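Protein chains in written order, with our numbering: chain A, 480 to 908; chain B, 480 to 908.
Before any comments, here is the structure.
Number of protein chains: 2
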Amino acid sequence: MRILLVGAGGVGNAIAKIAARRTFFDAMVVSDYDLGRAEAVLAWITDRHGAEVAGRFSAARIDASDADSVAELARASRATHVMNAVEPKFVPSVFAGAQAAGADYLDMAMSLSEPHPDAPHSKAGVKLGDLQFAAAHEWEASGRLALVGMGVEPGLSDVFARYAADHLFDEIDELGTRDGANLVVRDEDGNEIFAPSFSIWTTIEECLNPPVVWEEGRGWFTTEPFSEPEIFDFPAGIGPVECVNVEHEEVLLMPRWLSAKRVTFKYGLGEEFISVLKTLHRLHLDAVAPIRVRSAGGPVEVAPRDVVAAALPDPATIGPRMTGKTCAGLWATGTGKDGARREVYLYHVSDNEETMRDYDSQCVVWQTALNPVIALELLATGVWQGSGVRGPESFDAAPYLELMARAEADGGYGQAWGLEDRTRATAAS
Amino acid sequence: MRILLVGAGGVGNAIAKIAARRTFFDAMVVSDYDLGRAEAVLAWITDRHGAEVAGRFSAARIDASDADSVAELARASRATHVMNAVEPKFVPSVFAGAQAAGADYLDMAMSLSEPHPDAPHSKAGVKLGDLQFAAAHEWEASGRLALVGMGVEPGLSDVFARYAADHLFDEIDELGTRDGANLVVRDEDGNEIFAPSFSIWTTIEECLNPPVVWEEGRGWFTTEPFSEPEIFDFPAGIGPVECVNVEHEEVLLMPRWLSAKRVTFKYGLGEEFISVLKTLHRLHLDAVAPIRVRSAGGPVEVAPRDVVAAALPDPATIGPRMTGKTCAGLWATGTGKDGARREVYLYHVSDNEETMRDYDSQCVVWQTALNPVIALELLATGVWQGSGVRGPESFDAAPYLELMARAEADGGYGQAWGLEDRTRATAAS
């Protein structure tokens with residue numbers, strides 16, 4: 480397996496570092512628009528693992544917005560797999576570039592949605608991934624695989640859903656991805672600051688777009704942003720967090736392969752963050768269309784959302800000032816294998832202290848990066864096989880979760896996942 | 480009197496329109512960085528009042544950031560008075576330009592403050608107007624007048640304070656400027672939108688800077704932003720509004736000429752607006768130092784605060800979609816002329832419906848513009864005379880308030896002001 484990694488930002492950086500501890504691939508080209516970022520990853524790997532391990536890696540410049548640039552570098556590096564680790568707005572060009580080069584493709588976020596022109600808060604318009612699924616027959620015909628949504632959420636959440644469908648339930652009422660954290664970032668003086676742990680650009684996109692929900696018999700539909708708030712109790716000491724509906728890939732992926740009455744995604748944004756996002760929207764600062772702004776050198780055109788991102792700390796740099804844990808998981812309800820009502824939460828927790836210590840990578844970014852590396856390993860070893868445009872839930876979840884949980888000393892990733900049976904708690908409440 | 484008006488934005492525009500109905504001056508040059516804005520004012524005056532009235536007005540281009548540009552145009556237009564109607568950050572250059580040209584000077588906001596380097600929220604650093612008062616002896620020596628802070632607040636509020644000191648109180652405990660409104664702006668579909676009625680740039684500056692308070696024996700000191708919240712009950716149907724301490728010129732002006740135990744300024748921002756300002760601050764979007772932001776044409780440098788301003792509707796354009804009233808006034812407490820405790824609120828209300836009908840100008844902007852025109856008239860007629868750097872409270876308030884309230888048919892401005900005696904209400908509570 481020869482991997483072209485597109486993007487050496489927070490997640491791309493961590494993918495390369497995690498991959499450096501694995502032997503399943505022959506070469507990884509770490510590419511970025513800013514060559515310096517790609518070279519910095521190689522320097523870290525050399526420093527931490529020595530020249531021999533780093534020998535499998537090389538750095539290159541790429542323009543992810545240009546499919547030809549992606550195809551060219553994929554061919555030049557004889558890539559068998561293109562691993563997309565840039566912002567979702569570049570999905571079309573990286574996806575097309577991989578296809579043109581005849582390589583397999585993986586990403587962690589799917590092509591962007593467009594609201595329904597008449598009824599944005601009730602009907603789905605162009606959905607997440609529609610652009611990619613439209614090309615499914617071409618990928619199928621050429622025998623190539625595009626594994627889409629293969630991060631932590633979407634990604635691990637979808638693997639959990641497949642596991643629940645295969646091993647825990649006879650019939651599923653709801654597949655609900657639930658994400659929450661207790662992360663705090665402080666400045667030099669120890670004061671809590673506002674510093675989102677993930678790209679604010681992407682966070683605004685997912686949170687302010689109309690959330691999408693899937694229901695049996697109704698299909699996909701949308702709601703107002705921040706709808707159906709609920710308090711979800713997260714494990715590992717995180718505790719209760721306010722979660723709201725957010726547009727997310729799981730809702731578009733799971734119903735294609737799994738049977739459930741309802742599929743949702745709720746994000747534990749917390750009250751403060753929701754209020755910040757609402758304010759940005761109210762002040763038109765979430766806009767991506769450039770506006771005219773005065774500057775010392777005369778008027779310039781900038782997208783307000785890019786200004787918001789530039790004014791905040793880079794999520795990739797806040798790790799050292801952050802404390803806490805983040806939890807990604809799937810809450811499922813339905814009828815268990817014994818015919819009785821069942822409710823479970825399958826989850827994985829990432830602790831910032833550990834990811835900083837072992838990878839110099841903050842926990843949210845690291846948790847996202849972990850999963851595509853596991854998937855690549857399952858593809859390299861032939862445990863996962865397939866072609867077409869596919870979500871993680873279209874593959875067997877058991878070997879994935881086994882490899883993830885197995886100790887590193889025994890060839891696994893040493894990342895435990897949890898299954899919390901909430902059946903009794905629900906009955907009591 | 481020949482007036483050079485610097486700035487044809489919202490307030491400058493309204494100054495010219497109000498002046499068009501008065502005969503006390505010989506000529507007014509309306510100048511702006513954007514000549515089109517100056518010409519638009521002239522077109523309105525011609526359209527509304529005919530060519531003869533408009534004949535006293537002319538349009539010119541100016542760079543308010545450049546003292547030489549201001550001085551040059553002041554000389555070329557043989558200005559006896561330079562009326563500054565641009566953002567307060569241009570006060571130093573317009574002030575210096577007027578001085579260089581030997582003209583008298585008026586503004587509606589004073590030179591900006593700088594927080595104390597060590598104790599920004601307890602000690603005053605460079606205060607509002609310090610730069611201007613530092614030149615007081617030069618203005619005094621040349622026999623020229625710089626009348627600073629002569630809008631509505633500061634301005635009319637200071638006139639009210641002088642009136643209270645001369646006519647209502649023997650001894651004053653607190654001179655408290657209190658400003659509140661019930662304005663609502665709606666979009667085409669009738670939905671309430673976020674659209675501040677005054678320059679967001681200036682609003683952020685005054686609201687996020689440490690508020691300044693003056694106390695007898697202690698002098699000027701500062702507090703945390705949004706300190707000492709109180710519910711103030713405004714007249715004219717506006718009702719109770721949450722007011723907080725805000726940095727404002729009155730606190731710097733009144734103690735120089737009037738005797739009081741405490742001088743404060745509280746702004747009826749309301750809960751939502753305070754929350755928006757806090758969020759902008761938390762996200763560093765109030766910053767005036769340029770940051771690097773990506774754009775289609777490559778990285779550019781813009782000040783986040785300029786982007787916030789550019790993303791919001793121009794306050795000068797929201798009048799047609801706005802409803803409600805704004806109230807500016809002075810709340811004073813102390814010992815009345817009869818030796819008994821007294822509490823009064825002196826105020827002026829501006830109704831958007833009226834200012835739009837008569838001036839195509841929204842009420843907050845119009846109310847600000849009204850006052851420097853009255854002051855110019857008192858200077859032109861010799862009722863007000865003086866030299867040096869002076870605040871409005873250094874002049875006799877009685878003729879000002881008389882001219883303001885007198886009917887237009889009788890040569891006045893037809894703007895009633897109110898005196899609400901709150902002595903009894905306080906005793907009862």
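Think of the CB as a built atom: it goes at the ideal place given N, C-alpha and C, for glycine as much as any other residue.
In this text the structure is predicted, and so the values were computed from the model without any measurement.
With respect to the 8 angstroms criterion, A:Val-723 and A:Ile-753 are classified as neighbours on the basis of their beta carbons.
Along the region 650 to 688 of chain A, the beta strand (DSSP E) occurs as fully enclosed runs of 3 or more residues at 663 to 665, listed in sequence order. Nearest CB-CB separation between A:Arg-784 and chain B: not below the 8 angstroms threshold.
B:Pro-719: member of the beta strand (DSSP E) spanning 718 to 724, first to last residue.
Contact between the region 642 to 652 of chain A and the region 602 to 621 of chain A is absent, with fewer than three C-beta pairs closer than 8 angstroms.
Measuring C-alpha to C-alpha distances from A:Val-663 to each of A:Leu-585, A:Glu-751, A:Glu-729 and A:Gln-578 identifies A:Glu-751 as the nearest. In the assembly as shown, B:Ser-636 is a buried residue. Its beta-carbon has 16 or more other beta-carbons within 10 Å.
Across the structure, A:Gln-864 and B:Glu-671 are spaced so that their CA atoms are roughly 54 angstroms apart.
For B:Pro-794, none of the residues of chain A pass the 8 angstroms Cβ criterion, the least Cβ distance being about 14 angstroms.
If you look at A:Thr-805, you'll find it in the beta strand (DSSP E) that goes 804 to 815. Nearest to A:Ser-621 by C-alpha distance, out of A:Phe-648, A:Tyr-746 and A:Ala-579, is A:Ala-579. Short of 7 angstroms from the beta carbon of A:Ala-550, and not among the five residues preceding or following it, lie these beta carbons of its own chain, in chain order: Gly-576, Ala-579 and Ala-580.
With a threshold of 8 angstroms between beta carbons, B:Arg-771 makes contact with chain A. At a Cβ-Cβ threshold of 8 angstroms, B:Pro-567 and B:Ala-588 count as neighbours. Closest in C-alpha terms to A:Val-772, from the list B:Ala-789, B:Asp-586, B:Arg-771 and B:Gly-776, comes B:Ala-789. In this structure, the beta-carbon distance from A:Leu-791 to A:Pro-675 falls below 8 angstroms. B:Glu-695 has a beta carbon lying at 8 angstroms or more from every beta carbon in chain A. With a 10 Å radius around the Cβ and a threshold of 16 neighbouring Cβ atoms, B:Arg-784 comes out buried. Among the CB atoms of chain A, none fall inside 8 angstroms of the CB of B:Arg-741. Put simply, the backbone Cα of B:Phe-648 is about 31 angstroms away from that of B:Gly-749.
Residues of chain A with a Cβ closer than 8 angstroms to the Cβ of B:Thr-847 do not exist, since the nearest Cβ in that chain sits about 22 angstroms away.
Straight across, the Cα-Cα distance linking B:Pro-708 with B:Phe-744 is about 11 angstroms. Assigned with DSSP and collapsed to three states, A:Tyr-826 falls in strand. In the DSSP assignment, B:Phe-639 falls outside any beta strand (DSSP E) and lies within the alpha helix (DSSP H) extending over 635 to 642. Contact check for A:Gly-628 and A:Pro-871: beta-carbon distance about 6 angstroms, within the 8 angstroms limit, so the pair qualifies. Residues of chain B with a Cβ closer than 8 angstroms to the Cβ of A:Ala-775 are, in chain order, Pro-769 and Glu-780. Residues of the same chain with a CB within less than 8 angstroms of the CB of B:Glu-832, apart from the 5 flanking positions on each side, are Thr-802 in chain order. The DSSP assignment places complete alpha helix (DSSP H) segments of no fewer than 4 residues inside the region 590 to 617 of chain B at 609 to 612, in order along the chain.
Taking CB atoms only, B:His-763 has a neighbour in chain A less than 8 angstroms away. In the DSSP assignment, B:His-560 falls within the beta strand (DSSP E) that extends over 560 to 563. Within chain B, the residues whose beta carbon sits less than 8 angstroms from that of A:Ala-790 are Leu-762, His-763, Leu-764, Ala-766, Ile-770 and Pro-783, listed in sequence order. By the rule that beta-carbons nearer than 8 angstroms mark a contact, A:Val-844 does not touch chain B.
Interface criterion met: the Cβ of B:Thr-758 is under 8 angstroms from a Cβ in chain A. Measuring C-alpha to C-alpha distances from A:Thr-902 to each of A:Arg-761, A:Gly-529, A:Arg-800 and A:Asp-817 identifies A:Asp-817 as the nearest.
A direct Cα-Cα distance of roughly 45 angstroms separates B:Gly-515 from B:Arg-741. Around the beta carbon of B:Thr-805, a 10 Å sphere encloses 16 or more other beta carbons of the protein chains shown; the residue is thus reported as buried.
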